[in-house]
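Peer 1: Counted the way the UniProt record's numbering counts, the sequence shown spans residues 1 to 163. All C-beta atoms in this analysis are idealised placements derived from N, C-alpha and C, irrespective of residue type, glycine included.
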Amino acid sequence: MTALKYLQAYPAALQDQVRQLITEGRLGDYLSKRYPEKHAVQSDKALYTFALDLKQEYLRNAPAIDKVLFDNRLDLTHRALGLHTTISRVQGGKLKSKKEIRVASLFKEAPSEFLKMIVVHELAHFKESDHNKAFYKLCEHMLPGYHQVEFDLRVYLTWRDMQ
Numbered sequence: 001m002t003a004l005k006y007l008q009a010y011p012a013a014l015q016d017q018v019r020q021l022i023t024e025g026r027l028g029d030y031l032s033k034r035y036p037e038k039h040a041v042q043s044d045k046a047l048y049t050f051a052l053d054l055k056q057e058y059l060r061n062a063p064a065i066d067k068v069l070f071d072n073r074l075d076l077t078h079r080a081l082g083l084h085t086t087i088s089r090v091q092g093g094k095l096k097s098k099k100e101i102r103v104a105s106l107f108k109e110a111p112s113e114f115l116k117m118i119v120v121h122e123l124a125h126f127k128e129s130d131h132n133k134a135f136y137k138l139c140e141h142m143l144p145g146y147h148q149v150e151f152d153l154r155v156y157l158t159w160r161d162m163q
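1. Does the distance from the CB of Tyr35 to the CB of Glu113 come in under 8 Å?
2. According to DSSP, which residues form a beta bridge with Val41?
3. Gln163 to Met117, Cα distance in whole Å?
4. Over the uninterrupted alpha helix (DSSP H) stretch that includes Ile22, give me the two end residues.
5. Taking C-beta to C-beta, are Gln42 and Lys108 nearer than 8 Å?
6. Please state whether DSSP places Ser129 in a helix, a strand or coil.
7. If I'm right that Val120 touches Tyr156 with Cβ under 8 Å, what's the distance once you round it to whole angstroms?
8. Near Tyr58, what residues of its chain come up, given a Cβ to Cβ distance below 6 Å and the 5 sequence neighbours on each side ignored?
9. What separation, rounded to the nearest whole angstrom, lies between the Cα atoms of Lys38 and Thr158?
10. Rounding to the nearest angstrom, what Cα-Cα distance links Arg89 and His131 in this structure?
11. Between the region 45-57 and the region 11-25, can you find at least three pairs of beta-carbon atoms closer than 8 Å?
12. Would you mind sorting Asp29 into buried or exposed? The rule is 16 or more other CB atoms within 10 Å of its CB.
13. Are the CB atoms of Val103 and Phe70 within a distance shorter than 8 Å?
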C-alpha cells in the first residue's frame with residue numbers, strides 16, 4: 001500500500017482512488033485532463049500584479065500588500081507552499097508594518113488553478129489568521145471549488161514526487 005503523505009487527512013476511499021490511478025499509471029493523465037492550462041505568471045512582478053488583482057476584487061478593506069514573490073527556499077521540506085508575513089518596525093515615532101506573500105517556486109510550472117489557490121489561501125490569512133470555518137468560507141468565496149482544487153493540488157504534489 002502506497003503511503004500518500006499529502007493526502008493523509010482525507011478519507012480512505014479517496015486515498016484508494018488515488019492509489020488506483022497510480023497503479024494504473026493514469027495519475028498524470030487525470031491531472032492534465034482536469035488542469036490543462038499552465039499560467040503565464042513567471043516573474044515576481046507578474047505574481048504581485050496577480051495577487052493585487054485578487055485582493056482588489058475580494059479584499060478591498062484588507063491591508064495593502066507590499067511584496068509578493070516566488071521563493072526558491074520555500075518547499076515541501078519546510079511544509080510550506082506559500083507564506084504570509086507581517087514585518088513591523090518603528091520608524092521615528094510611528095509603527096510601520098509591511099505585508100508579504102511568498103509562493104514556492106514550484107508553482108511557476110504548476111497549472112493556473114493551483115497558483116490561484118495558493119495566493120487565495122495566503123490572502124485569506126490577512127483577514128483570518130487561523131484555519132477555521134470563516135477562513136475556508138473566505139477562500140471558497142474568492143475561489144469557488146477551493147476544497148476540490150486543494151485536494152487536486154495534493155494529488156499533484158503526490159504525482160510530482162513520483163517523477
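Peer 2: Concretely, from the data shown:
1. yes
2. Its beta-bridge partners do not exist; DSSP assigns none.
3. 23 Å
4. 12-23
5. yes
6. coil
7. 16 Å between Cβ atoms; not a contact.
8. Met142
9. 18 Å
10. Whole-angstrom Cα-Cα distance: 27 Å.
11. no
12. Under this definition Asp29 is an exposed residue.
13. yes
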